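Only one structure is covered here, and it is reproduced in the block below.
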Amino acid sequence: DVVLTQSPLSLPVTPGQPASISCRSSQSLGHSDGNTYLNWFLQRPGQPPRRLIYKVSLRDSGVPDRFSGSGSGTYFTLKISRVEAADVGVYYCMQGTFWPRTFGQGTKLEIK
Amino acid sequence: EVHLVQSGTEVKKPGESLKISCRGIGYTFTDFWIGWVRQMPGKGLEWLGIIYPDDFDTRYNPSFQGHVTISVDNSINTAYLQWSSLLASDTAVYYCTSHGNYGGSDFDNWGQGTLVSVSS
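Those protein sequence lines, which keep their order, are chains A and B. Sequential numbering from 36 applies to the first sequence in my numbering. Sequential numbering from 765 applies to the second sequence in my numbering.
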């Protein structure tokens, strides 16, 4: 299975400051169809996951433009330009290129 | 508006069988994959399997193959996850999700989760 390794695992951030989470894959996530199926999710406490970013950098509907995704091959990054209280939760990267799909272990963002 | 509505909390004993459900509302059920994701207490997310309702193409995570069965009833826009013999280690929240190929389309929706508790 493809292993996704996130860093850091815990991320305390002051409101208004930027934050960045990395996701490193054990294999290149480029698909033969030309796409790279790397997504980012946020799971708030007691809630199901909500997808924020798909195919590396495309924002889902309703996701603030404070969130951005980038990367290629085996290294990907989620950036939040200015953290707000509503951003608290666990962030997961997920790859859909290979079956079984796999998630990273999660990064817990908390407000300082 | 799109919704995935899952069945309620289940409390079972080891060895018992169980079938939980996920009903798709507000979209064409057969146009998108349905997947099941497990979250054990305090842990991360794991894919159990996916099914394409239009042709019943089903794929299982090898880690779960043989232990769970995924199915759909297109007449009522409902997907199922079932066990014939539960283990205590099946205790978890199970989410269903409806999405495009490889999880890479602009359509991605999750159910509210079903808590399954297995204990003697």
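The C-beta atom is built at its ideal place from N, Cα and C for all residues, glycine as well. If you're wondering where the values come from, they're calculated on a predicted model, not measured in any experiment.
Compute the distance between the beta-carbons of H863(B) and D854(B), then report whether it is under 8 Å.
no
Could you check the C-alpha separation between I798(B) and S848(B) for me, to the nearest Å?
21 Å
Which residue wins for smallest C-alpha separation from K143(A), given the options P83(A), V38(A), G97(A) and P43(A)?
P43(A)
Measuring alpha carbon to alpha carbon, tell me which of G875(B), S884(B), S869(B) and C786(B) ends up nearest N70(A).
The shortest CA-to-CA distance from N70(A) to any of G875(B), S884(B), S869(B) and C786(B) is the one to S869(B).
Might you give, ordered along the chain, the residues of its own chain that have their beta carbon closer than 6 Å to the beta carbon of F133(A), omitting 5 neighbours on each side?
V37
Could you check what DSSP says for D837(B) in three-state terms: helix, strand or coil?
strand
Within 8 Å of any Cβ in chain A, is that where the Cβ of W811(B) sits?
yes
Chain-ordered chain B contacts of G99(A) [CB-CB under 7 Å]
Note that residue 99(A) is Pro in the sequence shown, not Gly. The contacting residues do not exist; P99(A) stays about 17 Å from chain B at best.
Quick check: the stretch 112 to 126 of chain A against the stretch 41 to 55 of chain A, are at least 3 beta-carbon pairs closer than 8 Å?
yes
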